[in-house]
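In terms of UniProt numbering, the sequence shown opens at residue 1 and continues consecutively.
Quick reminder that beta carbons are idealized off the backbone N, C-alpha and C, glycines included.
For reference, the structure is listed below as structure tokens.
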Amino acid sequence: MTQVGEGQEADESAPPVMTFGAPTAGEVLAERYELVEHINNDSAGRLVWRGVDVILRRPVAVVLRYPGGDSATEMLQAAVAASRVIHPNLVGVYDAIDEADRAYVVREWVDGQSMRDLAADGPLDPARATAIGNAVASALAAVHATGMVHGNVHPGTVMISDEGRVVLADARTDGADSQENDIRAVGGVLYFALTGSWPHAEAPLRGATAGHGRAAIPDAVRDAGGAIAAPRQVRAGVPAYLDDLTMDLLDAEIAPPSSDVLAAELARLDVPAEDEHYLDNSGPLRFAAETGEEPSPLAAAGGRKVAVGIAGLLAVALVGLLIGIIALGGEDKDPQSNPVAAPTSSAPAGDATPAAATARKLTVKNVRIIDPDSKDRSEVDGAEKVIDGDEDKGWETETYKNLPNFGNLKKGMGVWIDLGQPHTVRSVQAVLSATGASAQLLAGTTNPESSSSGDKQLVASYKTPIGQPFEDHDGTTMTFNGFDADQKYQYLLFWITELPPTEDGFKLGVQEITVQGS
Numbered sequence: 001m002t003q004v005g006e007g008q009e010a011d012e013s014a015p016p017v018m019t020f021g022a023p024t025a026g027e028v029l030a031e032r033y034e035l036v037e038h039i040n041n042d043s044a045g046r047l048v049w050r051g052v053d054v055i056l057r058r059p060v061a062v063v064l065r066y067p068g069g070d071s072a073t074e075m076l077q078a079a080v081a082a083s084r085v086i087h088p089n090l091v092g093v094y095d096a097i098d099e100a101d102r103a104y105v106v107r108e109w110v111d112g113q114s115m116r117d118l119a120a121d122g123p124l125d126p127a128r129a130t131a132i133g134n135a136v137a138s139a140l141a142a143v144h145a146t147g148m149v150h151g152n153v154h155p156g157t158v159m160i161s162d163e164g165r166v167v168l169a170d171a172r173t174d175g176a177d178s179q180e181n182d183i184r185a186v187g188g189v190l191y192f193a194l195t196g197s198w199p200h201a202e203a204p205l206r207g208a209t210a211g212h213g214r215a216a217i218p219d220a221v222r223d224a225g226g227a228i229a230a231p232r233q234v235r236a237g238v239p240a241y242l243d244d245l246t247m248d249l250l251d252a253e254i255a256p257p258s259s260d261v262l263a264a265e266l267a268r269l270d271v272p273a274e275d276e277h278y279l280d281n282s283g284p285l286r287f288a289a290e291t292g293e294e295p296s297p298l299a300a301a302g303g304r305k306v307a308v309g310i311a312g313l314l315a316v317a318l319v320g321l322l323i324g325i326i327a328l329g330g331e332d333k334d335p336q337s338n339p340v341a342a343p344t345s346s347a348p349a350g351d352a353t354p355a356a357a358t359a360r361k362l363t364v365k366n367v368r369i370i371d372p373d374s375k376d377r378s379e380v381d382g383a384e385k386v387i388d389g390d391e392d393k394g395w396e397t398e399t400y401k402n403l404p405n406f407g408n409l410k411k412g413m414g415v416w417i418d419l420g421q422p423h424t425v426r427s428v429q430a431v432l433s434a435t436g437a438s439a440q441l442l443a444g445t446t447n448p449e450s451s452s453s454g455d456k457q458l459v460a461s462y463k464t465p466i467g468q469p470f471e472d473h474d475g476t477t478m479t480f481n482g483f484d485a486d487q488k489y490q491y492l493l494f495w496i497t498e499l500p501p502t503e504d505g506f507k508l509g510v511q512e513i514t515v516q517g518s
């Protein structure tokens, strides 16, 4: 596994690693993280170790920098920022410690390999490339929803576990990037997956430019003017629409979509390998005027599909003409008496509905605490604080001793949410008081009374996890997305199974829960 600080191993030209005071196997950092094996060094001269969290009994990756202090500020700030965003396609960041002579970041250990190493044997098939692009775009959507930027998206920071999970690692906070550049970097990742070469000559991979030893990645094929060749020009079998989408993202003249819209579009194209022919039929056919199908999310966001732009302009012009005729004819005129030819595009003015409507914050009609194993129900008060818009105030559990699973006294507790009526849900975000909790999001259709027996009935019937599932994680902001666009939900249950440690035991506060959808 390439468990590296910036996603790249050091090559022959990298600066020497400072080893004065370097740790040894068996050393325990911060009285918690035992170092087991030195894995490699990254291109910035940082040491990467495999370790074990001796408290939670889980493997971790430890990235050390010499010295600490001011020279490690960017690394530590990036780690703190990354720890606030929880998403299944982001590497979890557990701790960031500065000891002056050295600083280190503790993060999730991922068994697998980087995308750079995965593609070392040649380009990936289009379905695999699409799935990876979808995962990266989904991770960026979670990061961008907080207003932050990742700033370090490339094949070395995209990691694929042995189980097939795709995770994005090593965000930066040096202010040199933007959300738009993050999105364009997804185009670079897709291009690399489809061709095995890197399209951003002006932004080469750290430690991986051409001619730099074992980390070398070839530059994209270019014409005499420096323009890169499209994936379909480099290799056969790349679907036309995936080729167009990749080149659109790399084209500085075309405004990219937002990361959530891009994720939705790639999710639409993320199909099993045996159904890969769908990619050939899912692009231009969705946008062409003669199909009668709805446009994809990217059609709403802009792109190089000329048919969409022309059809949209025609629709707007015709609607304007209709309004003008009505106005000239007087308010008492029936519009039907002034017929206007209907537009012939796939998105007629009367029923154009984008496949992914703009998400908005949904109003929560009711909220309550679910506590099926309680006898005195002393912890069910204060539920309204999780939807009051104030992250400084929230509902919290009591303090439990000995074990994080509610002291082995309860199977869990939850926050139940009633949206008033069924809605399409795009994301659910929970802001927590501390790192180290475990929870999942469930959905159901029942609304029993608020009592121990009613809560037991509710938990028994809410068996369907929705959104991207979470298990063990650290972070104070937990974001669920990846919902089925065809499914609507009214009742949601944020179900907590493990509490984070405090000085006196285990306890958690849920500061705020927001639901985005339409």
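- Near V28, what residues of its chain come up, given a Cβ to Cβ distance below 6 Å and the 5 sequence neighbours on each side ignored? Sequence index remark: in the sequence shown, residue 28 carries index 28 (1-based). Excluding positions up to five away in sequence, the list reads E34.
- Do the stretch 48-60 and the stretch 138-154 touch if we need at least three Cβ pairs shorter than 8 Å? no
- Since V136 contacts T195 with CB under 8 Å, what's their CB separation in whole angstroms? Along the sequence shown, read from residue 1 onward, the residue named residue 136 stands at position 136. Along the sequence shown, read from residue 1 onward, the residue named residue 195 stands at position 195. That belief does not hold up - the Cβ atoms of V136 and T195 are roughly 17 Å apart, past 8 Å.
- Query: Out of curiosity, what's the CA-to-CA distance linking A72 and Y104?
  - Reply: Looking up residue 72 in the sequence shown gives position 72. Looking up residue 104 in the sequence shown gives position 104. Distance between the alpha carbons of A72 and Y104: 9 Å.
- Where P126 sits in the DSSP three-state scheme: Here residue 126 refers to the residue found at position 126 when the sequence shown is read from its first residue. Note: P126 maps to helix in three-state DSSP.
- Query: So, do the stretch 442-453 and the stretch 483-499 have three or more beta carbon pairs nearer to each other than 8 Å?
  - Reply: yes
- State the CB to CB distance for the pair R360 and A383, rounded to an integer number of angstroms; the pair is presumed to be in contact (CB under 8 Å). Taking the first residue of the sequence shown as position 1, residue 360 is located at position 360. Taking the first residue of the sequence shown as position 1, residue 383 is located at position 383. Between A383 and R360 the Cβ distance is about 23 Å, and since that is not below 8 Å, they are no contact.
- Item | Inter-residue Cα distance where the pair is V85 and L118 | Walking along the sequence shown from the start, residue 85 turns up at place 85. Walking along the sequence shown from the start, residue 118 turns up at place 118. Roughly 26 Å separates the two Cα atoms.
- Query: What are the boundary residues of the alpha helix (DSSP H) that includes K456?
  - Reply: Counting from one through the sequence shown, the residue named residue 456 turns up at place 456. From DSSP, the alpha helix (DSSP H) with K456 extends over 452-461.
- Starting from I160 and walking both ways along the beta strand (DSSP E), at which residues does that stretch end? Residue mapping note: residue 160 aligns to position 160 of the sequence shown, counting from 1. I160 -> beta strand (DSSP E) spans 158-161.
- Query: In the structure shown, what three-state DSSP assignment does K385 receive?
  - Reply: Taking the sequence shown and counting its residues from 1, the one referred to as residue 385 is at position 385. Helix at K385.
- Item | Cβ separation of D455 and P372, assumed to be a contact under 8 Å, to the nearest whole Å | As a working note, residue 455 is residue 455 in the sequence shown. As a working note, residue 372 is residue 372 in the sequence shown. Yes, they are in contact, since the Cβ atoms of D455 and P372 sit about 4 Å apart, within 8 Å.
- Under 8 Å, do V386 and I513 count as touching if we go by C-beta distance? Position 386 of the sequence shown, counted from the start, is the residue given in the question as residue 386. Position 513 of the sequence shown, counted from the start, is the residue given in the question as residue 513. In contact: V386 and I513 (Cβ atoms closer than 8 Å).
- Message: If you measure between the beta carbons of F483 and G467, is that distance less than 8 Å?
- Response: Counted from its first residue, the sequence shown places residue 483 at position 483. Counted from its first residue, the sequence shown places residue 467 at position 467. Against a cut-off of 8 Å, the Cβ pair of G467 and F483 comes out as a contact.
- Task: Just the C-alpha distance for F506 and E396, rounded to the nearest angstrom, thanks.
- Result: Within the sequence shown, the letter at position 506 stands for residue 506. Within the sequence shown, the letter at position 396 stands for residue 396. Near 11 Å, if we compare the C-alpha coordinates of E396 and F506.
- Along the chain, where does the alpha helix (DSSP H) that runs through Q233 open and close? Numbered from its first residue, the sequence shown carries residue 233 at position 233. Here the alpha helix (DSSP H) through Q233 covers 231-234.
- C-alpha distance - A215 paired with G420, whole-angstrom precision: Residue numbering aside, residue 215 sits at position 215 when the sequence shown is read from its first letter. Residue numbering aside, residue 420 sits at position 420 when the sequence shown is read from its first letter. In this prediction, A215 scores a pLDDT of 44, lower than 50, which makes its location untrustworthy; no coordinate-derived value is stated.
- Below 8 Å between beta carbons: does that hold for L362 and V515? Reading the sequence shown from its first residue, position 362 is the one you call residue 362. Reading the sequence shown from its first residue, position 515 is the one you call residue 515. Their beta carbons are under 8 Å apart, which means L362 touches V515 by this criterion.
- Query: If you draw a straight line from the C-alpha of A301 to the C-alpha of A485, how long is it?
  - Reply: For the purposes of this step, residue 301 is taken as the residue at position 301 of the sequence shown. For the purposes of this step, residue 485 is taken as the residue at position 485 of the sequence shown. With a pLDDT of only 47 at A301, under the threshold of 50, the placement of this residue in the model should not be trusted; the figure read from the coordinates follows. The alpha-carbon atoms of A301 and A485 are separated by roughly 18 Å.
- Quick one: what does DSSP say T397 is sitting in, helix, strand or coil? Looking up residue 397 in the sequence shown gives position 397. Coil, per DSSP.
- Message: I'd like to know whether the C-beta atoms of A171 and A82 end up nearer to each other than 8 Å.
- Response: The sequence position of residue 171 within the sequence shown is 171, counting from 1. The sequence position of residue 82 within the sequence shown is 82, counting from 1. Yes; because the gap between Cβ atoms is below 8 Å, this pair is in contact.
- Item | Secondary structure, beta strand (DSSP E): runs of 3+ residues fully inside the stretch 77-132 | 93-98, 103-108, 112-114
- Under the rule that 16 or more other beta-carbon atoms within 10 Å means buried, what is P335, buried or exposed? Along the sequence shown, one-based indexing puts residue 335 at 335. Unreliable positioning characterises P335 in this predicted model, as indicated by a pLDDT of 39, which lies under 50. The coordinate reading is nonetheless provided below. Exposed, because fewer than 16 other Cβ atoms sit within 10 Å of the Cβ of P335.
- Task: Could you tell me which residues DSSP pairs with M413 in its beta bridges?
- Result: Against the sequence shown, residue 413 aligns to sequence position 413. DSSP, once it has assigned bridges, lists I496 as partnering M413.
- Item | Exposure of V459, with buried meaning 16 or more beta-carbon neighbours within 10 Å | In the sequence shown, the residue the question calls residue 459 occupies position 459. Label assigned to V459: buried.
- Query: Which residue or residues does DSSP assign as beta-bridge partners of M478?
  - Reply: Numbered from its first residue, the sequence shown carries residue 478 at position 478. Answer by DSSP bridge pairing, in chain order: I86, A430.
- Item | Contacting residues, own chain, Cβ-Cβ under 8 Å from G122 (five flanking each side not counted) | In the sequence shown, residue 122 corresponds to position 122, counting from 1. The answer, listed in chain order, is G196.
- What residues match up with R360 in a beta bridge as DSSP calls it? For the purposes of this step, residue 360 is identified with residue 360 of the sequence shown, where counting begins at 1. R360 pairs with G517.
- Query: For V261, which three-state DSSP category applies?
  - Reply: Here residue 261 refers to the residue found at position 261 of the sequence shown. V261: helix per DSSP, three-state reduction.
- Task: Figure out for me which residue from G187, G112, P239 has the closest Cα to the Cα of P126.
- Result: Position 126 of the sequence shown holds residue 126. Per the Cα distances, P239.
- Query: Would DSSP call T291 helix, strand or coil?
  - Reply: As a first step, residue 291 is located in the sequence shown; it is residue number 291 there, counting from the start. Confidence is the limiting factor: at T291 the pLDDT is only 37, short of 50, which leaves the residue's position unreliable, though a coordinate-based value still follows. Of the three classes helix, strand and coil, the one that applies to T291 here is coil, per DSSP.
- Rounded straight-line distance, which links the Cα of Y66 to that of S258: Here residue 258 refers to the residue found at position 258 of the sequence shown. Here residue 66 refers to the residue found at position 66 of the sequence shown. When rounded, the distance between both Cα atoms is 38 Å.
- Message: Going by DSSP in three states, G188 sits in which element: helix, strand or coil?
- Response: Taking the sequence shown and counting its residues from 1, one reaches residue 188 at position 188. Helix at G188.
- Task: Can you grab the Cα-Cα spacing for the pair D111 / G237, in whole Å?
- Result: Residue mapping note: residue 111 aligns to position 111 of the sequence shown, counting from 1. Residue mapping note: residue 237 aligns to position 237 of the sequence shown, counting from 1. Cα-Cα distance, rounded: 31 Å.
- Simplified DSSP assignment, three categories, for H423: In the sequence shown, residue 423 corresponds to position 423, counting from 1. Note: H423 maps to strand in three-state DSSP.
- With distances taken Cα to Cα, identify the nearest neighbour of I417 among N366, Y400, T446. For this step, residue 417 is matched to residue 417 along the sequence shown. The option with the nearest alpha carbon to I417 is N366.
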